[in-house]
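All residue numbers for the sequence shown refer to the working numbering, where the first residue is 13 and numbers rise by one. Ideal Cβ positions, reconstructed from N, Cα and C, are used throughout, including at glycine. Just so it is clear, the structure is predicted and the values come from calculations on it, not from any experiment. This report concerns only the one structure given below.
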Amino acid sequence: LAAILLDRYPGAADELVPRLASGEAHAGVATEEGTLTARRDEAGGLVIDGDAGLVLGADEDAVLLLPVAYDDTLRWFVVGPGTPGVEVEPSTPLDASQALARVRLNAAVVPPAALIVGLDDAVVRDMAVTLAAAEASGVAAWCLRTASEYAAVREQFGQKIGAFQAVKHLCAHALCRAEQAGALAWDAARAADDSADQHTFASAIAGAAALDAAVANAKDCIQVLGG
């Protein structure tokens, strides 16, 4: 998410984007507004204080992309790993594939270049929802594939369970949900290059449909597997 956002704003941490894209570096992005505020110090730097809340992808080595109240406006800043005054407290997420931590800043000083000019919270929100929809559509597709492949080889009462109408219906409904989720996620991704209103609309629809599709397909997959 951070690499995509920073890449859309030339001049914003240009040297960081290739490292994020290659996996050499990783980043945490705050998706909710915390209590961070910034002020200028006598040396011209920006001093950030407050609580960013729970930040997805954050750990001690992560680059942080954080919303900060500055000049009476919510602005976005890049905070590098190891910045003095940054406290990262690990938390246990439901999704074990993602890092999660509470981030607090106490007089953390960043250079003026850390401010990402032009990035606002609506853009971050819409892109985060778009990526969540894409991930959820992949989950929905995996559950469909796993269930249908199992139904083709598992035998019960002398025949493959895929021959039973109830199992066919589960797999058919899962297919419909997976196809719809994938199409909506693609539409939201394409809309990122359209107007802001169009991306907001497309990402909201994709997020609403794809996340539900992932949950529903996971439930049906478990049922087909005998759970």
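Point to revise | Span separating the alpha-carbon of R166 from that of L187 | key: 19 Å
Review point. What number of angstroms, rounded off, separates the C-alpha of L182 from the C-alpha of V227?
Key: 14 Å
**Study point:** Distance between I234 and R31 (C-alpha atoms, nearest Å)
**Key:** 38 Å
Exercise for review: Determine the extent of the alpha helix (DSSP H) in which A195 is found, giving its start and end residues.
Suggested key: 177-203
Review point. For the beta strand (DSSP E) that D63 lies in, which residues bound it at each end?
Key: 58-68
Exercise for review: Put V264 into one of helix, strand or coil per three-state DSSP.
Suggested key: Lying before the first or after the last residue shown, residue 264 is absent from the chain, which here runs from 13 to 239.
Point to revise | Secondary structure, alpha helix (DSSP H): runs of 4+ residues fully inside the stretch 91-167 | key: 133-163
Point to revise | Spatial distance of L112 from I217 (CA atoms) | key: 26 Å
Review point. The ligand SAH heavy atoms versus the CB of T85: any closer than 7 Å?
Key: For the ligand SAH, the structure offers nothing, since it holds no ligand at all.
Check your understanding: Given that a residue counts as buried once 16 or more other Cβ atoms are within 10 Å of its Cβ, and exposed if not, what is A197?
Key -> buried
Practice item. Take R157 as the anchor and find which of R189, D132, V67 has the nearest alpha-carbon. Key: R189
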